[in-house]
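Residue numbers (my numbering): 74 to 191.
Right, here's the structure in full:
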């Protein structure tokens, strides 16, 4: 595999370029019910169910520190919210809470992380 080193990137058809460091370092779409699984992802190698509503996503390429920016979301008819945080440079923790603020397994969860890769 080849590596291309750039400062800025611009997708075909876009008029503005952006810093290559602002591109997401990792993202995942997760099914957290039944046997939890990663439906699609970039830079995540595995998902571990660590308890009801708790998931650990392992990074393929780790971050240089836990000082990263994360975002989580979910789509479900039942509503609810997500929490996400970096607990180590090699993984992030994703949690799902129902609309009544009870931790529970989530159906369509997503995770996004920005930061410097090691």
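For each residue, glycine too, the CB sits at the ideal point set by N, CA and C.
As the structure is a computational prediction, the values presented were derived from the model and not from experiment.
Using the rule of at least 16 other Cβ atoms within 10 Å of the residue's Cβ for burial, across every protein chain shown, is residue i buried or exposed?
| i | result |
| --- | --- |
| residue 175 | exposed |
| residue 157 | buried |
Out of the options, state which residue places its alpha-carbon closest to the alpha-carbon of residue i.
| i | options | result |
| --- | --- | --- |
| residue 189 | 82, 125, 160, 142 | 142 |
| residue 114 | 107, 121, 103 | 103 |
| residue 137 | 146, 163, 75, 173 | 163 |
Identify the continuous beta strand (DSSP E) that holds residue i and give its terminal residues.
| i | result |
| --- | --- |
| residue 101 | 99-104 |
| residue 77 | Residue 77 -> no beta strand (DSSP E), and no H or E assigned at all. |
| residue 166 | 164-170 |
| residue 119 | 117-124 |
| residue 181 | 181-187 |
Do the CB positions of residue i and residue j come within less than 8 Å of each other?
| i | j | result |
| --- | --- | --- |
| residue 184 | residue 165 | yes |
| residue 90 | residue 82 | yes |
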